[in-house]
Amino acid sequence: MDSKTPFGRQTYTGLFLIAMAALMYEILLTRIFSVTMWYHFAFVAVSVAMFGMTVGALLVYLWPSLFPPDRVHQHLTWSSLAFAFMMSVSLVAHMSIPFVVPKSLLTLILMAFNYLVISVPFVFSGIAVCLALTQFPRQFSSLYAADLAGAATGCILAVAILRVADAPSAIVMVSGLAAAGSMLFASGDYSSRLRRIAMVCGALAVGFAAWSGYRAVTNRPWLKLTWAKGRPEKDTLYEKWNSYSRIRVYGDPAKAKVPWGVSPACPAKRVSRELNLTIDSTADTPLTFFDGDLRRVQYLKCSATNMVYALRPDSQVLIVGTGGGRDILSALAFQQRSIVGVELNPEIVSAVDNTFGSFTGHLDRNPRVRLVADEARSYLARHQDRYDVIQISFIDTWAATAAGAFVLSENSLYTVEAWKVFLSRLHPRGVLAVSRWYFRDRPAEIYRLTALAARALREAGVNQPRDHLIVVRQWLAEHDGVEGIGTLLVGKDPFTEKDVIVAREFAQRLEFDLVLSPDASLDPTFVEIASSPNLDRLTADYPLNIAPPTDDSPFFFHMLRFRNILNRQLQRQGAASANLQAVAILVGLLGTVCVLTLLCIIIPLVITFRGTALRGTIPLFVYFASIGIGFMLVEISQMQRLIVFLGHPTYGLSVVLFALLLASGLGSLSTRGSHLSAPARLLSLLAVVVIFGALSPFVIDRFREATTAVRIIVAAGILVPLGILLGMALPLGMRAAANRSASLTPWLWGINGATSVVASVAAVVIALGSGITASFWSGFAAYALGIGVLIVTRQLKVPGETS
């Protein structure tokens, strides 16, 4: 039964603002977690948000006497205001607790407390959203559309706000949106005294948020991170955030030190002044002092990462991920003819060339250097220029993107499809040079690079990949010989005898090891990988997953197989260990959310069984659980596909998630006045999922080399029809639930949210184990189950309830 309180535009607008604030808070938490914790713990932000909102919905269901229909606007007001207040409180609490990877009961308790504090604001937002959607069932379609439209708008605003403010300040600013929502709800018809109090509190919160925003925009934030990865941050010279990273420059610009990764046998002077640029306090890149005198950087000729320049002098070079500029300096030290540097993160480019340009020597002004702010694979696919050398040195994805915290750490640079693009952009005798960590006991990353090269070469028509491969190894003294650098050279043409001689002389002179060449090897595993015609069988027998990644499963760094998640020995890979541990954490998280989801569903069932006749609600239970799972699986799989296609992580928010949520809102709006007795809408949903699931890979492949504008249009064309149909499922189900028992709608809303939590983790598990396509079709299967059950039983009514 509808609430008897007045219903007006303020309810729509208030819900719009709460949904916007909730999604922005979730996005900003993902960014902060990626800095304060390891990126795979940032993954938990999504689960925390969904569980908090689900708990809010369950509170509404379990204690309806606390939320009487005639006082719904009052509860909307205070829950929204509590949401705004607790955002700032929980943020300060999180920033005050240094993060430590749980290795004892105490650290585990601290982490659990941390997550509990962070989830509290979402409980209040969950109460507000659930009340708005379930107390006005006749307006559910339009209210749910407002909810999705608010979330979609939050995607755009999250990108915008992180361009002008740091993430902690942005959260305080977002709390102002929730406070504004509470003021709109307060305009409902109830006690004028309470309305005045709510208005004053809301206005104060909005004012505080505006003041925080002003401080942030003027680079004087009152709230700053002081801990990252359990360590205090000191000597910060520069900090800048965006939707997929936080860069920080620190160090002493006057202090000289021995540069990283240079052979002790180097004849050049091994001293330089450096600053460190760190991305999310995890991935570091040096800013090297350069005054224009190349004689001062000759030591860069003594690193295994740069051996390719000894083989291909006077070359046209493209560098993927310029970072602090060291690879550009290396190419200049080797007197290469021209250098194109492609850097994904414009904030890094700005910091290196502008803020610290006088320190780094303004490499962007060198006539032989051209810098491009773009994603390298997308850039190469769209441009037909050819190069003699393409260099990729230690390009990681150890930051959780705002849109993709739940997509783990996929990297579109390390897939068979990407390497075929790279090889196609090389001149004859051109070389692709890729450097990664070389762990003594089990160099899995270099094995996997070699397997990736072998597969890409075979698919490009090469019958003997080994003739195109050279691997050099450099042990790092600072790691006591346990860890080193491995550089793989992939020739478009077979390496000549002269190439091998030059490589061997380079390695011997600098005390490196030539691990693999066309005529010799120090490790038979490399020979097997490079030469085996049955690569799949070979890689399947290895303890870690060293199979060549593809665009359908682009998880290069995550090599731990599910069957070995308890094997601590296999998780030891030196600097790469965190990536392997992420898989174990992912599986643990899936188990945790499954248990919590069962508790969230079973306990309310047991509690309410005696007071409500639940017989006959099983079809609704199955339906809402199924569409919760299906929506997340379809959404995440399409997001994974299209972020690679669009070529930039920002588009994950500004295009993919925005378009999908907005289209879903339009779909919800379109259900007003429809009748469930005709199953055409739900069956058309299944048909559209099948069509777009089948066609998406082909459409993406067809337009991969198109301009950015065309690719955005294509992505929208894939997402909008799908989103419209997906957006119909929940309001149609809510109408069926209201016809059976309006009192059950909060519980069903909670079921939908709880199963969505499971699906957000399961989507990654499925993609990691079987591929993105398998995740998509699992989502379709969930929809088919739920829709099938509802259609077959659509005439059921709950005994004792009236519509």
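Our numbering numbers the first residue of the sequence shown as 75 and each following residue consecutively. Virtual Cβ for every residue (Gly too), placed ideally from N, Cα, C.
Nearest-angstrom Cβ-Cβ length linking residue i and residue j, presumed shorter than 8 Å
i           : j           : result
residue 850 : residue 707 : 7 Å
residue 847 : residue 626 : 5 Å
residue 291 : residue 238 : 5 Å
residue 495 : residue 454 : 5 Å
residue 219 : residue 743 : 4 Å
residue 667 : residue 639 : That belief does not hold up - the Cβ atoms of residue 667 and residue 639 are roughly 16 Å apart, past 8 Å.
residue 547 : residue 589 : 5 Å
Same chain only: Cβ atoms within 6 Å of residue i, ignoring 5 sequence neighbours per side
i           : result
residue 197 : 126, 129, 130
residue 269 : 260
residue 871 : Unreliable positioning characterises residue 871 in this predicted model, as indicated by a pLDDT of 42, which lies under 50. The coordinate reading is nonetheless provided below. 814, listed in sequence order.
residue 162 : 246, 249
residue 756 : 861
residue 18  : The structure shown does not extend to residue 18, since the chain spans only 75 to 877, so no value can be given for it.
residue 95  : 248, 251, 252
residue 355 : 109, 302, 303
residue 86  : 220
residue 859 : 700
residue 418 : 449
residue 839 : 664
Residue i, buried or exposed, once every other Cβ within 10 Å from all chains shown has been counted against 16
i           : result
residue 610 : exposed
residue 399 : buried
residue 137 : exposed
residue 709 : buried
residue 187 : exposed
residue 579 : exposed
residue 91  : buried
residue 562 : buried
residue 140 : exposed
residue 475 : Summary for residue 475: the model assigns pLDDT 41, below 50, so the residue's position carries little reliability, and this model does not support an answer.
residue 473 : Bear in mind that the predicted position of residue 473 carries a pLDDT of just 46, short of 50, making it too unreliable to give a figure here.
residue 411 : exposed
residue 483 : Because the pLDDT at residue 483 is just 43, under 50, the model does not fix this residue reliably, and the value given afterwards should be weighed accordingly. Label assigned to residue 483: buried.
residue 157 : buried
residue 107 : buried
residue 488 : buried
residue 705 : buried
residue 662 : exposed
residue 798 : buried
residue 866 : exposed
residue 296 : exposed
residue 288 : exposed
residue 523 : buried
residue 209 : buried
residue 857 : buried
residue 386 : buried
Neighbourhood of residue i by C-beta, 7 Å cutoff - its chain only, sequence neighbours within 5 removed
i           : result
residue 567 : 502, 503
residue 774 : 715, 719
residue 420 : 447
heavy atom of the ligand GTP below 7 Å from residue i C-beta
i           : result
residue 721 : In the structure shown, the ligand GTP is absent, as is every other ligand, since no ligand is present at all.
Beta-carbon proximity list for residue i, same chain, < 8 Å, skipping 5 on both sides
i           : result
residue 348 : 325, 331, 333, 360, 361, 362, 363
residue 795 : 737, 762, 766
residue 620 : 518, 521, 522, 525, 603, 613, 633
Are the stretch 525-537 and the stretch 463-471 touching by the rule of at least three beta carbon pairs closer than 8 Å?
no
Check whether the stretch 366-378 touches the stretch 398-409, taking contact to mean three or more Cβ pairs, one atom from each stretch, closer than 8 Å.
yes
Counting beta carbon pairs with one atom in the stretch 314-329 and one in the stretch 269-278, are three or more of them shorter than 8 Å?
no
Looking at C-beta atoms only, is the number of pairs between the stretch 592-601 and the stretch 382-394 that lie closer than 8 Å three or more?
no
In the stretch 261-342, which residue ranges form an unbroken alpha helix (DSSP H) of at least 4 residues, counting only runs that do not cross its ends?
266-291
Contiguous alpha helix (DSSP H) assignments of at least 4 residues, all confined to the stretch 559-614:
571-583, 598-605, 609-614
Counting only runs of 4+ residues fully inside the stretch 352-427, write out the alpha helix (DSSP H) ranges in chain order.
381-385, 400-407, 420-424
My parser needs the beta strand (DSSP E) runs of 3 or more residues fully inside the stretch 517-558; what are they?
543-549
Taking contact to mean 3 or more Cβ pairs, one atom from each stretch, closer than 8 Å, check whether the stretch 581-590 and the stretch 325-340 are in contact.
yes
Given 8 Å, three or more beta-carbon pairs between the stretch 763-779 and the stretch 818-831
no
Within the chosen definition, does the stretch 721-739 reach the stretch 440-460 through at least 3 CB pairs nearer than 8 Å?
yes
Evaluate contact between the stretch 729-738 and the stretch 223-235, counting only Cβ atoms and requiring at least three cross-stretch pairs below 8 Å.
yes
Where are the alpha helix (DSSP H) runs, 4 residues long or more, that stay fully inside the stretch 167-251, in chain order?
179-208, 214-238
Return the chain-ordered ranges of every alpha helix (DSSP H) run that is complete within the stretch 735-797 and spans a minimum of 4 residues.
754-776
Quick check for students: name the residue ranges of the beta strand (DSSP E) that lie wholly in the stretch 84-132, counting only runs of 3 or more.
none
Counting beta carbon pairs with one atom in the stretch 791-809 and one in the stretch 209-218, are three or more of them shorter than 8 Å?
yes
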